[in-house]
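S.K.:
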Amino acid sequence: MPEGDSVYRVAARLHEALAGQPLTSADLRVPAYATADLTGRRVLEVAPRGKHLLARFEGGLTLHTHLRMDGRWEVYRPGERWTGGPDWQVRAVLGTDRGTAVGYRLPVVELLRTTDEQRIVGHLGPDLLGPDWDPVEAVRRLLARPGRPVVEALLDQRNLAGIGNVYANELCFVAGVTPWTEVGELPHPDRLVERARQMLEANKLRPGHITTGDTRPGYQHWVYGRAGRPCPRCVTPVAAGRQGSPPRDRAVFWCPYCQRGPAPEVTAARPGRGGAGRPRGR
Ligand SMILES: [Zn+2]
Numbered sequence: 317m318p319e320g321d322s323v324y325r326v327a328a329r330l331h332e333a334l335a336g337q338p339l340t341s342a343d344l345r346v347p348a349y350a351t352a353d354l355t356g357r358r359v360l361e362v363a364p365r366g367k368h369l370l371a372r373f374e375g376g377l378t379l380h381t382h383l384r385m386d387g388r389w390e391v392y393r394p395g396e397r398w399t400g401g402p403d404w405q406v407r408a409v410l411g412t413d414r415g416t417a418v419g420y421r422l423p424v425v426e427l428l429r430t431t432d433e434q435r436i437v438g439h440l441g442p443d444l445l446g447p448d449w450d451p452v453e454a455v456r457r458l459l460a461r462p463g464r465p466v467v468e469a470l471l472d473q474r475n476l477a478g479i480g481n482v483y484a485n486e487l488c489f490v491a492g493v494t495p496w497t498e499v500g501e502l503p504h505p506d507r508l509v510e511r512a513r514q515m516l517e518a519n520k521l522r523p524g525h526i527t528t529g530d531t532r533p534g535y536q537h538w539v540y541g542r543a544g545r546p547c548p549r550c551v552t553p554v555a556a557g558r559q560g561s562p563p564r565d566r567a568v569f570w571c572p573y574c575q576r577g578p579a580p581e582v583t584a585a586r587p588g589r590g591g592a593g594r595p596r597g598r
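Numbering (the numbering used here), first residue to last: 317 to 598.
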């Protein structure tokens with residue numbers, strides 16, 4: 317899953333290329349909308365909502381797309397070659413005199429009335445990068461099911477919108493708890509939610525999801541993707557495993573020394589091992 321800051325940047329790029337311009341070409345290559353013609357409509361704005369992208373057109377229409385795992389939007393200058401993948405992977409094309417936005421491998425392409433957007437994004441919790449960010453409501457939603465593992469509660473977009481697996485893991489580290497810790501056991505949920513917003517804010521204009529403040533390759537994260545390497549704080553090898561039941565499980569990383577709470581036995585911290593076995597109390 318993409319992180320909310322990545323989606324924010326995509327929306328900004330699309331907005332810059334399209335907003336205020338009439339569409340000179342428009343092609344939605346999904347069966348349901350193959351005959352929809354948006355050509356001539358002006359693009360009002362492209363806005364992110366959590367990890368959803370909403371392109372709004374005059375006449376009260378919205379194009380909703382989601383990147384999920386493999387989707388991406390690219391913007392090309394007029395005449396520039398498209399390089400995002402083979403032609404059959406193109407799901408949407410929106411062109412103006414300024415540039416052409418091409419959506420590759422988008423698992424969600426949906427045209428709807430702008431007044432119906434709530435149907436798509438109404439379930440989302442407060443948006444970490446949104447104008448309506450509400451930390452109190454985010455904490456309330458997180459704690460509504462206090463027995464859930466922290467990592468799972470953070471990833472649930474109905475609690476707060478914008479966190480993907482990188483930030484979910486990194487937030488467990490900065491909170492000093494393992495991914496399996498019950499969210500109700502968090503010492504300071506309000507601080508964690510604030511850290512989440514700071515992380516996304518700090519990265520919304522740059523790639524990399526940097527959480528440590530160190531932009532050097534290999535030093536950008538505390539634990540995520542660092543299995544077997546020394547914890548930047550205590551040099552204990554970072555452990556790796558899986559949390560949740562397949563197919564909805566996920567990779568998790570944690571420092572066995574800095575992070576307190578339930579975790580599988582760590583025998584040797586080898587990449588991909590760490591054991592996804594029974595959580596153990598500590
Ligand atoms: Zn550590």
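Note that beta-carbon positions come from the ideal geometry of N, C-alpha and C, so glycine has one too.
Could you tell me the distance, in whole angstroms, from the CA atom of V437 to the CA atom of L444?
M.R.: Taking the straight line from one Cα to the other gives about 14 Å.
S.K.: Would the beta-carbon of Y535 be found less than 8 Å away from any heavy atom of ligand 1?
M.R.: No, ligand 1 has no heavy atom inside 8 Å of this Cβ.
S.K.: Taking the C-alpha atoms as reference points, what is the distance between A363 and V418?
M.R.: So the alpha carbons of these two residues sit roughly 16 Å apart.
S.K.: State whether the segment 465-472 contacts the segment 560-573, with contact taken as three or more CB pairs (one from each stretch) at a distance under 8 Å.
M.R.: The segment 465-472, when compared against the segment 560-573, does touch it at the 8 Å Cβ threshold.
S.K.: Considering only C-alpha positions, which residue in the set A477, A543, L339 is nearest to S322?
M.R.: Ranking the options by Cα distance to S322, first place goes to A477.
S.K.: Closer than 6 Å by C-beta to P595: which residues in its own chain qualify, once you throw out the five before and the five after it? Chain order, please.
M.R.: Note that P595 scores a pLDDT of 47, beneath 50, so its modelled location is shaky and nothing firm can be said.
S.K.: Got a list of residues with beta-carbon closer than 7 Å to any non-hydrogen atom of ligand 1, in chain order?
M.R.: Any residue whose Cβ sits closer than 7 Å to a heavy atom of ligand 1 makes the list: C547, R549, C550, T552, C571, Y573, C574.
S.K.: Got a sec, what are the start and stop residues for the alpha helix (DSSP H) Q514 sits in?
M.R.: First-last of the alpha helix (DSSP H) with Q514: 505-519.
S.K.: Could you pull out every residue in the same chain whose Cβ sits closer than 8 Å to the Cβ of L377, ignoring the five residues on either side in sequence?
M.R.: So the list reads L354, R357, L427, L428, R429, T430, once near-sequence residues are dropped.
S.K.: Please classify V326 as buried or exposed, where buried requires at least 16 other C-beta atoms within 10 Å of its C-beta.
M.R.: When all chains shown are included, V326 counts as buried.
S.K.: The alpha helix (DSSP H) spanning H331 covers which residue range?
M.R.: Where H331 is concerned, the enclosing alpha helix (DSSP H) stretches over 320-334.
S.K.: Which class does P578 belong to by DSSP, given the choice of helix, strand or coil?
M.R.: Here P578 sits in coil by DSSP.
S.K.: Only counting runs of 3 or more residues, tell me where the beta strand (DSSP E) segments fall wholly within the segment 349-428, in order along the chain.
M.R.: As far as the segment 349-428 is concerned, its whole beta strand (DSSP E) runs of at least 3 residues are 359-365, 368-373, 377-382, 388-392, 406-411, 416-420.
S.K.: Can you tell me the Cα-Cα spacing of G415 and V554, whole angstroms?
M.R.: Cα to Cα, the separation comes out at about 45 Å.
S.K.: Where do the N-terminal and C-terminal ends of the beta strand (DSSP E) with Q559 fall, by residue?
M.R.: Q559 -> beta strand (DSSP E) spans 555-559.
S.K.: What's the call for G597, buried or exposed, on a 16-neighbour Cβ count within 10 Å?
M.R.: Unreliable placement is indicated for G597, whose pLDDT of 46 sits below 50; the coordinate value is still reported in the next sentence. By the neighbour-count rule (16 or more Cβ atoms within 10 Å), G597 is not buried but exposed.
S.K.: Please check the pair W538 and T528, which I expect to be a contact at CB under 8 Å, by giving their CB distance rounded to whole angstroms.
M.R.: Their Cβ separation, rounded to whole angstroms, is 6 Å, which keeps W538 and T528 in contact under 8 Å.
S.K.: Provide the residue span of the beta strand (DSSP E) that contains R566, from first to last.
M.R.: Start and end: 566-570.
S.K.: Taking the Cβ atom as the reference point for each residue, do D440 and V499 lie within a distance shorter than 9 Å?
M.R.: Looking at the sequence itself, residue 440 is Leu, so the reference to Asp does not match. For L440 and V499, no; Cβs fall outside 9 Å.
S.K.: Take R545 as the anchor and find which of F569, R522, H525, R532 has the nearest alpha-carbon.
M.R.: It is F569 whose Cα lies nearest to the Cα of R545.
S.K.: Counting C-beta neighbours from all protein chains within 10 Å, is the total for C550 16 or more, i.e. buried, or is it exposed?
M.R.: It counts as exposed.
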